[in-house]
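**Q**
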Amino acid sequence: MLTESVLAELLERACPTIQYRLRWEVLGEPRSAPHLRDLHSQILNDAAVQEVFSWQQSDGWLGWNFHGDHSLEAGIRLLCEKGVDPHHSIIANELHALERETDRLDRGIGKVGRILDDRGLGGSQTIRAAVFAYTGIEDKPFVREQIDRALAAFNAVLTINAIDDLVQPYKSGLVYRLDHLWPCIYHLRLLAFTRSWRSAENRRLLIDSVQRLIDLSPLPSIHVRHKSQLIAPASFCMNDFSPVLSVLDDAHWMMWFHRMELLARLGVVRAIPALTRQIAVLRETLAAGQGRFMQALSHAYFRKWGAYTGLMLERDWRDPQRRIYDLTFRSLLILHYAQMSCPSASIGHPG
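Here the sequence shown stands for residues 691 to 1041, where the numbers follow this note's numbering.
Below is the structure:
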């Protein structure tokens, strides 16, 4: 269990981003509070933030690529995770460029992005919508359209009772059957960071869909066949919704942290027993560390920020204490958004 003393330690000694996000996201303090404004100024001087700022070109575009490493997508994700105010001029200019310059969406992904969009498997347009969602923007028509497509992808899961309903053999592997939709990591991220879809009916849909994904787990590697080309969809974190945490390697722990935070943000965890059992293991792990996540995880997936990977907010993990702060913070976010543990009676979601 995360104790008050551990929370106080994070608020005093963790990096400015963790302090800021704890106060804003978990404790519900307004961004306008003087202490948060001071922390935000420190965040803007973070070396990783400054590096991303340096990518911006005169037209607002970050870097050259849209997708992948050192891309607009990865840059905005890092800035939002670091706690940079989404109204900051650099982010605002990026989003303006992304809304305006749709001809650049092939950069870093090529025609594959359009193929995946056409198949309903999450391509360039889904990624674009998710980027806007990271910053809290969902009232754009192209974002709303992709939210609807994400819900359709999760609804399609309910038509699958066994893996053979979804795939067919091709050469030495498996490919999706034609005309089958399927959710990717960007569909999950898009729904996790938006709210307009949150009706009782859609919540029930997602609960049932995630339960079906658990029943089907672990999924094999599945490609998209386009003519003679095999395309890898954005299935990162999406192949095993029911892992055994006691045997996870470090890379799969990163995937678990990322996936579980997104599921917690969806608001479905408490309704799905398999997920509440995973949360129980997390709480046991924290209790064993007197409120801290002490397991010595270390993998590039945590440290390297890109389209899919990156969770480290501290400057590095050479000091084990910084790793502990990062993973304890991620644990707290999961518990908070899952509404399964609160370090303070005043906790509330940010407005």
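Heads up, the beta-carbon is just placed ideally off N, CA and C, and yes, glycines get one too.
Mind checking which residues open and close the beta strand (DSSP E) that includes Gly753?
**A** That residue, Gly753, is in no beta strand (DSSP E); it is neither H nor E in DSSP.
**Q** Assign Phe653 to buried or exposed, taking buried as 16 or more other Cβ atoms, counted over all protein chains shown, within 10 Å of its Cβ.
**A** No answer is possible for residue 653: the residues shown for the chain start at 691 and end at 1041.
**Q** Below 8 angstroms on the Cβ atoms is my guess for Leu1001 versus Met944; work out the distance and round it to an integer in Å.
**A** The Cβ separation is near 6 angstroms, so the contact holds.
**Q** Would you kindly report the start and end of the unbroken beta strand (DSSP E) that includes Arg915?
**A** Start and end: Val914 to His916.
**Q** Would a C-beta distance cut-off of 9 angstroms place Val934 and Pro923 closer than the cut-off?
**A** No, they are not a contact pair.
**Q** Can you grab the Cα-Cα spacing for the pair Arg834 / Ala823, in whole Å?
**A** About 10 angstroms.
**Q** So the alpha helix (DSSP H) Pro724 belongs to, where does it begin and stop?
**A** Its alpha helix (DSSP H) spans residues Pro724 to Leu734.
**Q** The beta strand (DSSP E) spanning Pro859 covers which residue range?
**A** Note, Pro859: beta strand (DSSP E), Val857 to Tyr860.
**Q** Between the C-alpha atoms of Arg902 and Asp930, what's the straight-line distance to the nearest angstrom?
**A** Looking at the two C-alpha atoms, the distance is approximately 11 angstroms.
**Q** Apart from the five residues just before and just after Leu1023, which ones in its own chain have a Cβ nearer than 6 angstroms to its Cβ?
**A** Same-chain partners within the cutoff: Glu951.
**Q** According to the Cβ coordinates, are Trp1007 and Ser988 closer than 9 angstroms?
**A** Yes, the Cβ-Cβ distance between Trp1007 and Ser988 is below 9 angstroms.
**Q** Just the Cα atoms here: how many angstroms apart are Ser886 and Ala977?
**A** Roughly 36 angstroms separates the two Cα atoms.
**Q** Counting Cβ pairs closer than 8 angstroms, one from the segment 737-753 and one from the segment 780-787, do we hit at least three?
**A** Yes: at least three Cβ pairs fall under 8 angstroms.
**Q** How close, in whole Å, do the beta carbons of Leu700 and Ile708 come, if the pair is a contact with beta carbons under 8 angstroms?
**A** With 8 angstroms as the limit, Leu700 and Ile708 qualify as a contact, their Cβ atoms being about 6 angstroms apart.
**Q** Name, in chain order, the residues that DSSP records as bridge partners for Ser658.
**A** Here the chain comprises residues numbered 691 to 1041, so residue 658 is not present and cannot be evaluated.
**Q** Out of Ile817, His725, Asp940 and Asn851, point me to the one whose CA is closest to Ala840's CA.
**A** Ala840 has its Cα closest to that of Ile817, out of Ile817, His725, Asp940 and Asn851.
**Q** Anyone know if the C-beta pair for Arg932 and Ile904 falls short of 9 angstroms?
**A** Before going on, a small fix: residue 932 reads as Ser here, not Arg. Contact: yes.
**Q** Under 8 angstroms: do the segment 785-805 and the segment 836-850 share three or more Cβ pairs, one atom per stretch?
**A** The segment 785-805 is not in contact with the segment 836-850.
**Q** Taking the straight line between their C-alpha atoms, what separation do you get for Asp898 and Gln858?
**A** Taking the straight line from one Cα to the other gives about 24 angstroms.
**Q** Would you kindly work out how many angstroms separate the C-alpha atoms of Gln1029 and Glu771, rounded to a whole number?
**A** If you take the alpha carbons of Gln1029 and Glu771, they lie about 21 angstroms apart.
**Q** What is the DSSP secondary structure of Leu717, reduced to helix, strand or coil?
**A** Of the three classes helix, strand and coil, the one that applies to Leu717 here is coil, per DSSP.
**Q** Should Gly813 be labelled buried (16 or more other beta-carbon atoms within 10 Å of its own) or exposed?
**A** Buried: at least 16 other Cβ atoms inside 10 Å.
**Q** Helix, strand or coil, according to DSSP, for Val739 in the structure here?
**A** Three-state DSSP puts Val739 in a helix.
**Q** Taking Cβ positions, are Val739 and Val774 nearer each other than 9 angstroms?
**A** Yes, Cβ-Cβ distance for Val739 and Val774 is below 9 angstroms.
**Q** Per the DSSP calculation, Gln746 is bridged to which residue(s)?
**A** Leu752, per the DSSP bridge assignment.
**Q** Can the beta-carbon of Thr999 be found less than 9 angstroms from the beta-carbon of Phe926?
**A** Cβ atoms of Thr999 and Phe926: closer than 9 angstroms.
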